[in-house]
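Okay, so here's the structure we're looking at.
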Amino acid sequence: MENKGVLVGSIIFVFTSFILMIAMFVYESYKANQMKERLRSLKTETQTTVVNSPAQDYSMYKTKIGDEGREMVQIPGGPFTMGSQDGDPDESPEHQVFLKGFYIDRKEVTQEEYVRFAKMTKRSMPRIEVFEDDQSKLLKPEFAAMSVSWDDAVAYCRWAGKRLPTEAEWEKAGRGEGKRKYPWGDKFLAHVANVDGSDDGYKYLAPPGSFDTGRSPYGLYDMTGNVAEWVADTYDEQYYKKSPYRDPKGPETGDLKVVRGGSWRETEHNARLSKRFAAKRWRTDITIGIRCASDADVGDNPATS
Numbered sequence: 007m008e009n010k011g012v013l014v015g016s017i018i019f020v021f022t023s024f025i026l027m028i029a030m031f032v033y034e035s036y037k038a039n040q041m042k043e044r045l046r047s048l049k050t051e052t053q054t055t056v057v058n059s060p061a062q063d064y065s066m067y068k069t070k071i072g073d074e075g076r077e078m079v080q081i082p083g084g085p086f087t088m089g090s091q092d093g094d095p096d097e098s099p100e101h102q103v104f105l106k107g108f109y110i111d112r113k114e115v116t117q118e119e120y121v122r123f124a125k126m127t128k129r130s131m132p133r134i135e136v137f138e139d140d141q142s143k144l145l146k147p148e149f150a151a152m153s154v155s156w157d158d159a160v161a162y163c164r165w166a167g168k169r170l171p172t173e174a175e176w177e178k179a180g181r182g183e184g185k186r187k188y189p190w191g192d193k194f195l196a197h198v199a200n201v202d203g204s205d206d207g208y209k210y211l212a213p214p215g216s217f218d219t220g221r222s223p224y225g226l227y228d229m230t231g232n233v234a235e236w237v238a239d240t241y242d243e244q245y246y247k248k249s250p251y252r253d254p255k256g257p258e259t260g261d262l263k264v265v266r267g268g269s270w271r272e273t274e275h276n277a278r279l280s281k282r283f284a285a286k287r288w289r290t291d292i293t294i295g296i297r298c299a300s301d302a303d304v305g306d307n308p309a310t311s
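Residue numbers (our numbering): 7 to 311.
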């Protein structure tokens with residue numbers, strides 16, 4: 007009789023355990039379905055937000071095609087704020103500069119475009135001197151040109167019927183007439199520029215024009231990150247204290263040239279539009295590339311007093 011009671015108890019225990027197991031399975035399935043629905047809802051909300059976000063209209067700015075077939079944007083003449091009181095010592099004082107109108111490339115020069123120039127002018131190709139990974143990861147036709155010296159950059163722009171932008175022209179093209187720190191505003195945003203790390207989708211170089219939401223007020227791409235860019239000016243740490251109000255062109259003499267825009271190796275601080283870098287004109291680096299400029303067409307700059 008005792009054995010029968012034990013058997014019945016065991017059967018009840020097993021049956022109860024089985025029922026509990028089924029109940030837990032049903033509950034977990036319910037939770038999983040609820041989570042899937044929530045994720046699907048969030049994804050839909052995100053997509054709706056992106057789709058409904060109004061696109062910036064840059065059509066008000068005149069464009070033209072340069073001699074080498076690349077698109078340029080006209081930057082209107084007028085004043086803007088150059089430098090920063092909150093940056094490095096060579097960025098101050100913050101000051102007003104007046105520039106006549108000019109054109110500047112919408113995107114950085116690509117490796118494919120630089121190769122065409124090098125072949126037509128019989129110029130030697132850039133060499134990668136130092137890189138800790140497989141060099142083929144940097145060498146793609148659609149990536150930004152890099153490892154070019156200041157003289158190489160000058161030669162490319164001259165071949166294209168253009169010139170390097172001045173330091174002041176470059177900064178105005180990136181920030182507009184205000185004091186914004188980055189092309190898109192004052193706050194650094196992830197995923198809108200190719201800077202240090204791979205969170206933005208690129209560990210090293212990226213094709214110019216990959217970040218539509220990171221464009222400058224005039225519609226220029228990659229004014230922050232990807233490759234830094236040579237400008238025409240000679241570097242002087244104290245230049246802002248004595249630079250002219252109208253169309254400054256930098257010191258007449260000096261051993262260093264200016265590099266602007268940060269690169270895929272730079273931090274948030276060094277990606278600011280007012281940040282200035284100095285380099286020997288013969289320096290070739292996998293973080294430095296080219297963007298060209300040109301004077302405005304006759305009639306584009308009305309007389310101003």
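We put the CB at the ideal spot given by N, CA and C, even for glycine.
Is it true that the region 115–123 meets the region 159–166, where meeting means three or more beta-carbon pairs spaced less than 8 Å apart?
-> yes
State buried or exposed for M126, treating a residue as buried only when at least 16 other CB atoms are found within 10 Å of its CB.
-> exposed
In terms of DSSP beta bridges, what is W236 paired with?
-> V265
Between the C-alpha atoms of Y210 and T69, what's the straight-line distance to the nearest angstrom?
-> 30 Å
Near Y120, which residues of its chain fall below 6 Å by C-beta distance, leaving aside the five closest residues on each side in sequence?
-> A151
Beta-carbon spacing of P189, G220 below 8 Å | yes
Enumerate in chain order the residues of its own chain whose CB-to-CB distance from A212 is below 6 Å, with the five nearest sequence positions on each side excluded.
-> N200, N232
May I have the straight-line CA-CA distance separating G89 from M78, to the nearest angstrom?
-> 25 Å
Residue span of the alpha helix (DSSP H) that contains R164, given as start and end | 156–165
Under 8 Å between C-beta atoms of G182 and F86 = yes
Spell out the partners DSSP gives A284 in its beta bridges.
-> V264
Based on Cα-Cα distance, which residue from P82, G72, R76, G75 lies nearest to M319?
-> Nothing in the structure corresponds to residue 319, since the chain is present only between 7 and 311.
Considering G180, what are the terminal residues of the beta strand (DSSP E) in which it resides?
-> It is not in any beta strand (DSSP E) - G180 instead sits in the alpha helix (DSSP H) that spans 173–181.
Nearest residue (CA-CA) to S153, options R164, R76, K106, I134 = I134
Under 8 Å, do T230 and L279 count as touching if we go by C-beta distance?
-> yes
Quick one: Cα of D301 to Cα of Q80, how far?
-> 9 Å
Anticipated Cβ contact below 8 Å, G256 with D239, distance rounded | 3 Å
Contact set for R297: own chain, Cβ-Cβ below 6 Å, skip 5 residues either direction | D111, E114, E235
Looking at S130 and I289, is the spacing between their C-beta atoms short of 8 Å?
-> First, the residue type needs correcting, since residue 289 is Arg and not Ile in the sequence shown. For R289 and S130, no; Cβs fall outside 8 Å.
Around the C-beta of E177, are 16 or more other C-beta atoms found within 10 angstroms, so that it is buried, or is it exposed?
-> buried
Excluding the five sequence neighbours on either side, which residues of its own chain have a C-beta within less than 7 Å of the C-beta of R271, listed in chain order?
-> D202, T293
Just how far apart, CA to CA, sit V56 and V103?
-> Caution applies to V56, whose pLDDT of 33 falls short of 50 and renders its modelled position unreliable; the value that the coordinates give is listed next. Answer to the nearest angstrom: the Cα atoms are 37 Å apart.
Which word fits T172, buried or exposed, when buried means at least 16 other C-beta atoms lie within 10 angstroms of its C-beta?
-> buried
With 16 as the cutoff for other CB atoms within 10 Å, does F137 come out buried or exposed?
-> exposed
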